[in-house]
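Just so you know, we're using the numbering used here here: the sequence shown kicks off at 856 and counts up by one. Beta carbons are placed, not taken as given, at the ideal position from N, Cα and C, and that holds for glycine. Down below is the structure, laid out as structure tokens.
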Amino acid sequence: MKLMELSVQGFGQFGTQRTINFKDGVNIIIGPNESGKSTLHNAILASLFAPAKAELDCCYSWNNPDVCKVKLTYQTNNGEVYRISRDLKSKKVVVEKQDGADFTEIARTEKAAKNIISEHIGFPEKRVFENTVCVTQGEMAALKEKIAIKQIKDIISNLITGTEDTSANKAIEILDKKIKEIDGGPRSNGILDQINSEIKDTNLSLDEAKRQEKSAIDLKEKQKAIEVNIASKESHFKKYESIKTKYDAIKKLKDENSNKKDSLQTLMTNVQKVKDINKEIEGIDEELEKLSGYEKISNETISELKSLEDKKNGLQTEITTIKEKLNKEQGTLNNSNPKISSIFLYSGLVIFLISMMGIFLINSLFIIGIFIGIILIVFHTIKSKSGNVIAIQTRIDQFESDIREKESSIENLSKQIESYYLSLPSRNYKELSEKLDIYTRRGQKRTNLVSQKEILLGINKLDELEKKKDNLLIEMGKNDKRLEELGDLNLSAEEQIQLQKLSGLKDEIDELKQQNQKIIGQLSTMDIEKPSIELEEGIEYKKEQLNRLQERSKALKIAREMLQEVSTEIQKQMAPELEDKANNILNQITGNKYSEIFIDHNFDIRVKSPEKKEIIAPDFLSTGAKDQLYFALRVATSDALSKSVNPPLILDEPFGSFDSGRRNLTIALLKKLSKTCQIILMTHDDFYKANVDNIIELN
């Protein structure tokens, strides 16, 4: 078998599509670290074997996360060409076979594809394929640990006698486990021990079951007697219960009618009260209608108006008082004879003027007249200033000023009062106050009546109360009709006695039922579901099961012995062949330094040391020699197991510890091996470019 072409897209480091063409002989895939060499190795494995769920994340490309496809074209030893296409996102697989220039689909299910591919590559499982034809740098590095040699032995042993999952050793382990499960061991009980213990326990249960069965029979007889007694009493109870039911029904109907009559009376009373309230509300509404406009008047308005009126009246009272004082002062002033004073004044003036007119006549009479006029004027002046006349006049002037000021205030108050009265239904604040009080009291009365009405009506309206009244009358009529149908119930003395005992009879029945339930509970705890006969059958069944398991244990032990013999025989047959092939390969890659490998039938490996001339364990070899030994064993194992399939040998950086001499010898071996199987070497070392058949460079 040889690989022809590998195509990847969205796989690992390859986001875009990349196609690799392989040739016969030695193919080298070369490139620096992280260039995708191991990715191509994984792509080959992913093409041949569907990746497990845990492996898929490593397959997906971070450069193209929506696509993950691999396609591998290969040729079988008989020259037929096949192509495997996998879409790892949709988990679809298609296997095609070349037919001339075209490919024809031959499988599209995983099961069908696996059958075809395993036949072509010679290995049914990925792990076997990897442990046989694939050698990686990680595996070679692992040989630095001592435990690695044991791993080599185990791998080779499993590959020779079967897969790691289905090897003879694995089968023997499974058989040992099954035998231990049946027979048990020093520290654990087997199934046989468990069954023997169960038989012992069941025998104890059988004795207990027989004892319980006897007790159950006694209880069932007692239960039967109780049930007969219950049936008799229940029959008697039902007879008088029907009479009591009729009696209770009649009493209930009469009580209901009595209650309904009371409800009807209350309802009718409430209806009449509501009607009376409605009538009274209508009367109040008429009164309130006549007092229309008073709803807009507030007590504050009346108070303000009264305050203004009081102020006005107060001012008028003050004016009256002031006028009285004014009149008094004027009387006092009049008592001071102002008229006589005026006569003296006017007479003096006249005489003075006439005398002045006649003074030019130089008449002594006129001169005397002048003096008389002057005397009269002086007398008037003295007379006017006497008796505190000036003070009285001052007060009179003040009184007159006060009267004018208060009359002005009264005029302003009258205007304010007039502005209030313009928006009021009356021009008398006392009438306003009285009617507002009437309006308020009637409004409150109406509110109280509405509250009483709401209490009487509840959530209903008056017509609903009327309807309830009618419904009560209808229900009472129905009850009366039902009473007529039931008729009068005249109980005899015996019936009255039995009715009185009915409650006690019910208690007796309940007591009997409780006794019956107690017996049922006792029976349920006796495990009646597993009678003695069933336990006896169970014991017999377990004894038969014990015999079958003993026979099975015997058969398993025989099978183990035979499998051990066959496995040992296969190993004895394969060990010499594997030893010869490994010796031949190791001899070539070590330049005849190591030419003797010893592999016994248990696949324990020993090597002859050229320095010590003695047989040693691989643990004592140098790192490079260990790697050469492991490589020789892997190639020999692949050759031994693949037989005529000749799958390609895939090497992923396996020779990191080899010096130039070892590498030259190894490349020479690979050239020789490539004549019978295809070699695919993945490396970063340009050393391997020489003497190869196909170079695939990765950037």
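Look up residue i in the DSSP assignment and say whether it is helix, strand or coil.
{"i": "Gly1039", "result": "strand"}
{"i": "Phe877", "result": "coil"}
{"i": "Met859", "result": "strand"}
{"i": "Cys913", "result": "helix"}
{"i": "Phe866", "result": "strand"}
{"i": "Leu1553", "result": "coil"}
{"i": "Lys924", "result": "strand"}
{"i": "Tyr1449", "result": "coil"}
{"i": "Val949", "result": "strand"}
{"i": "Arg1282", "result": "coil"}
{"i": "Ile1314", "result": "coil"}
{"i": "Asp1548", "result": "coil"}
{"i": "Leu1506", "result": "strand"}
{"i": "Leu998", "result": "Unreliable positioning characterises Leu998 in this predicted model, as indicated by a pLDDT of 43, which lies under 50. The coordinate reading is nonetheless provided below. Leu998 falls in the coil class under three-state DSSP."}
{"i": "Ser1241", "result": "Residue placement at Ser1241 is poorly supported in this model, since its pLDDT is 47, which falls under 50; the coordinates are not used for a value here."}
{"i": "Met1381", "result": "coil"}
{"i": "Leu1476", "result": "coil"}
{"i": "Lys1005", "result": "Unreliable placement is indicated for Lys1005, whose pLDDT of 48 sits below 50; the coordinate value is still reported in the next sentence. In this structure, Lys1005 counts as helix in the three-state DSSP scheme."}
{"i": "Ser1493", "result": "helix"}
{"i": "Val1500", "result": "coil"}
Could you please give the first and the last residue of the uninterrupted beta strand (DSSP E) stretch that includes residue i?
{"i": "Met1537", "result": "1534-1538"}
{"i": "Ala962", "result": "957-962"}
{"i": "Phe1453", "result": "1452-1454"}
{"i": "Ile1157", "result": "Run containing Ile1157: none in the beta strand (DSSP E); it sits in the alpha helix (DSSP H), 1154-1189."}
{"i": "Val990", "result": "989-991"}
{"i": "Lys1463", "result": "1460-1464"}
Between which two residues does the alpha helix (DSSP H) carrying residue i extend?
{"i": "Lys1055", "result": "1046-1145"}
{"i": "Ser940", "result": "No alpha helix (DSSP H) holds Ser940; the beta strand (DSSP E) holding it covers 936-942."}
{"i": "Ile1258", "result": "1244-1276"}
{"i": "Leu895", "result": "892-903"}
{"i": "Lys969", "result": "965-976"}
{"i": "Thr1521", "result": "1515-1528"}
Count the other CB atoms, across all protein chains shown, that sit within 10 Å of the CB of residue i; report buried if there are 16 or more and exposed otherwise.
{"i": "Glu1085", "result": "It should be noted that the sequence gives Ile, not Glu, for residue 1085. Per the 10 Å Cβ criterion, buried."}
{"i": "Glu951", "result": "buried"}
{"i": "Met1537", "result": "buried"}
{"i": "Leu1504", "result": "buried"}
{"i": "Ile1072", "result": "exposed"}
{"i": "Ile1132", "result": "buried"}
{"i": "Thr1016", "result": "Confidence is the limiting factor: at Thr1016 the pLDDT is only 49, short of 50, which leaves the residue's position unreliable and the question unanswerable from this model."}
{"i": "Val1305", "result": "exposed"}
{"i": "Phe1542", "result": "exposed"}
{"i": "Val1083", "result": "exposed"}
{"i": "Leu1341", "result": "exposed"}
{"i": "Tyr1149", "result": "buried"}
{"i": "Gln1078", "result": "buried"}
{"i": "Ala1480", "result": "buried"}
{"i": "Arg1282", "result": "exposed"}
{"i": "Arg1042", "result": "exposed"}
{"i": "Leu1328", "result": "exposed"}
{"i": "Lys1436", "result": "buried"}
Cβ atoms of residue j and residue i: under 9 Å apart, would you say?
{"i": "Ile875", "j": "Ile885", "result": "no"}
{"i": "Cys914", "j": "Leu895", "result": "no"}
{"i": "Leu1279", "j": "Thr1156", "result": "yes"}
{"i": "Ser893", "j": "Leu927", "result": "no"}
{"i": "Ile1139", "j": "Ile1265", "result": "no"}
{"i": "Asn1549", "j": "Val983", "result": "no"}
{"i": "Leu1404", "j": "Ile1037", "result": "yes"}
{"i": "Ser916", "j": "Phe958", "result": "no"}
{"i": "Gln953", "j": "Lys857", "result": "no"}
{"i": "Phe1453", "j": "Ile1444", "result": "no"}
{"i": "Ser1387", "j": "Leu1061", "result": "yes"}
{"i": "Leu1108", "j": "Leu1338", "result": "yes"}
{"i": "Leu1354", "j": "Lys1088", "result": "no"}
{"i": "Ser1512", "j": "Asp1482", "result": "yes"}
Name the DSSP beta bridge partners of residue i, please?
{"i": "Asn882", "result": "Ile1535, Asn1549"}
{"i": "Gln930", "result": "Lys857, Val936"}
{"i": "Ile1470", "result": "Lys1463"}
{"i": "Asp1541", "result": "Bridge partners of Asp1541: none, in fact."}
{"i": "Asp1362", "result": "DSSP lists no partner for Asp1362."}
{"i": "Asp1325", "result": "The partner list for Asp1325 (beta bridge, DSSP) is empty, contrary to what the question assumes."}
{"i": "Asp954", "result": "Asp957"}
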